[in-house]
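The structure appears right after this line, and notes come after that.
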């Protein structure tokens, strides 16, 4: 459904800013050029050659499309097999909007929010819900929670001039499937785990790394990221194997161990849970030390019942997303008293605040203006940790750097967080992963 057009009053409303050269400045530039050209003609009678006339450099103009009210729509799972992660993000959006409005709102008006169920990748609910949000005039979508849905949503959002900010969609494929300036995320992309793991291995003196991955697009993107990170550091890939449901774990482990790796990264999926347990056990039986094994967020699991006690003690794992503090959980429970966990809650909260700050910086609540200013909201200005604090900074300073509940949120040209949070886990003797610390993200 097409985006609502900006009315003449929208374009001229107080506070609306047209990016690029203002009209009076453009007219002044034309007048100056005309005067310069006239002077050149007058002097031309005595001078051997006329003065050159400079060519003005064109500037891109972004016309405000907002109507003065920032409207946020959510597309998050409320039913289905991933509905358990939806309530925490929904509550975080509600709390963020409440905080923003308590600080005065955006452009002098309260922020409005509409909640919709995104459904699952097997349903067509997403498109229907999005069409309804477009009809109701939303400027920004918070969601979806999965990459498969994000890939379906972004082309629709681009056509409607709506900005999409996902707190949970991590697949690198979303980045390549989207027009620039439409899709952003407050969660590190999956391939950033590859760079972070390789950097950690380099700091430990590791030179040879083997990789176990899957033969799908996600596995291929992770492999490319590992290869690039190894090449940059002068390290080598000593072996690579693909895992699927038919793979013989013992043979895979034999092949990997034959490359004499100093570390092995197992980047497989949760759908291969039984195979993951067998492969990890087989690798350790082949002499790979548990401390040299690394899992990713796709297969970090509780292996307490699948693997003999003590076998995985010391294995490393990586998970994206910030830890939900007790204070934040208590605030979210004010919106949803039945909430017990809120993974991606910090990222959802920060997505809303970033959108609101971008609208303030752009002086326009339209989707394209917000997209243009999102990176500036968490840029290289004065650090601030809340919407209200950032507004206070803007009273005296021209630039801000919003560092939110999920950590620093610097965005690159692809809309990815380049300094977000990765959590490092270690497996205990019970074969359960426990939080060990943070793993720094390495910029591409």
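In our numbering, the protein residues as written are 825 to 1268.
Note that CB positions come from ideal geometry on N, CA and C, so glycine has one too.
>> Am I right that residue 1118 and residue 1140 are in contact with their C-beta atoms under 8 Å? What's the rounded C-beta distance?
In response: About 5 Å separates the beta carbon of residue 1118 from that of residue 1140, a gap short enough to meet the 8 Å contact definition.
> Does DSSP put residue 1043 in a helix, a strand or coil?
Replying inline: In this structure, residue 1043 counts as helix in the three-state DSSP scheme.
>> Please classify residue 1221 as buried or exposed, where buried requires at least 16 neighbouring CB atoms within 10 angstroms.
In response: Exposed, by the Cβ-count rule.
> Smallest Cα separation from residue 982: which of 1236, 1192 and 1211?
Replying inline: The residue with the shortest Cα to Cα distance from residue 982 is 1192.
> Closest Cβ-Cβ distance between residue 962 and chain D: below 7 Å?
Replying inline: Absent from the structure is chain D; it holds one protein chain and no more.
> For residue 1048, does the count of other Cβ atoms within 10 angstroms reach 16, so buried, or fall short, so exposed?
Replying inline: Flag for residue 1048 reads exposed.
> Run through DSSP, which three-state label would residue 984 get?
Replying inline: Correct three-state label for residue 984: coil.
> Three or more beta-carbon pairs under 8 Å between the stretch 1089 to 1105 and the stretch 1229 to 1237, yes or no?
Replying inline: Segments in contact, no.
>> Need the endpoints of the alpha helix (DSSP H) that residue 1174 sits in, please.
In response: Start and end: 1169 to 1186.
> What's the C-alpha gap between residue 916 and residue 1173?
Replying inline: In this structure, the straight-line span from the alpha carbon of residue 916 to that of residue 1173 is close to 5 Å.
>> Which of the three DSSP states is assigned to residue 857 in this structure?
In response: At residue 857, the pLDDT of 32 sits below 50, so the modelled position is not reliable; the number obtained from the coordinates is stated separately. The three-state secondary structure of residue 857, taken from DSSP, is helix.
>> In the DSSP assignment, the alpha helix (DSSP H) including residue 1017 goes from what residue to what residue?
In response: In the DSSP annotation of this structure, the continuous segment of the alpha helix (DSSP H) that includes residue 1017 starts and ends at 1015 to 1027.
> In this structure, what does DSSP give as the bridge partners for residue 1078?
Replying inline: For residue 1078, DSSP records no beta bridge to any residue.
>> I'd like to know whether the C-beta atoms of residue 1053 and residue 1019 end up nearer to each other than 7 Å.
In response: Yes, these two residues count as a Cβ contact at 7 Å.
> Does the distance from the C-beta atom of residue 972 to that of residue 955 stay below 7 Å?
Replying inline: With contacts defined by Cβ atoms closer than 7 Å, residue 972 and residue 955 do not form a contacting pair.
>> By the three-class DSSP mapping on this structure, what secondary structure does residue 839 have?
In response: The predicted model places residue 839 with a pLDDT of 35, which falls under 50 and marks its position as unreliable; any figure quoted below should be read in that light. In the structure shown, residue 839 adopts coil according to DSSP, grouped into three states.
> For residue 1110, which three-state DSSP category applies?
Replying inline: Coil at residue 1110, not helix or strand.
> Measuring CA to CA, which of 1155, 1001 and 1008 is closest to residue 986?
Replying inline: Closest option to residue 986, Cα to Cα, is 1008.
> What is the DSSP secondary structure of residue 997, reduced to helix, strand or coil?
Replying inline: The three-state reading of DSSP puts residue 997 in helix, counting H, G and I together.
> Which residues in the same chain as residue 1060 place their Cβ atom closer than 7 Å to its Cβ, once the five residues preceding and following it in sequence are excluded?
Replying inline: Here the set comprises 1031, 1032 and 1054.
> Within this structure, are the beta carbons of residue 1260 and residue 1246 separated by less than 7 Å?
Replying inline: Note that the C-beta distance between residue 1260 and residue 1246 is not below 7 Å.
>> Under DSSP, the beta strand (DSSP E) around residue 765 begins and ends at which residues?
In response: Given that the chain is displayed from residue 825 to residue 1268, the structure contains no residue 765 and the question cannot be resolved.
>> Let me make sure I understand the geometry here. Which of 995, 1171 and 989 has the alpha-carbon closest to that of residue 913?
In response: Nearest C-alpha to residue 913: 1171.
>> Just verifying my parser: in three-state terms, what is the DSSP assignment at residue 803?
In response: For the chain, the structure presents residues 825 to 1268; residue 803 sits outside this window and is missing.
> For residue 1159, which residues of its own chain have a beta-carbon under 7 Å away from its beta-carbon, when the five flanking residues on both sides are left out?
Replying inline: So the qualifying residues of the chain are 915, 918 and 919.
>> Let me confirm a value: residue 1004 is counted as buried when at least 16 other C-beta atoms fall within 10 Å, else exposed. Which label applies?
In response: The residue in question, residue 1004, is exposed, as its Cβ has fewer than 16 Cβ neighbours within 10 Å.
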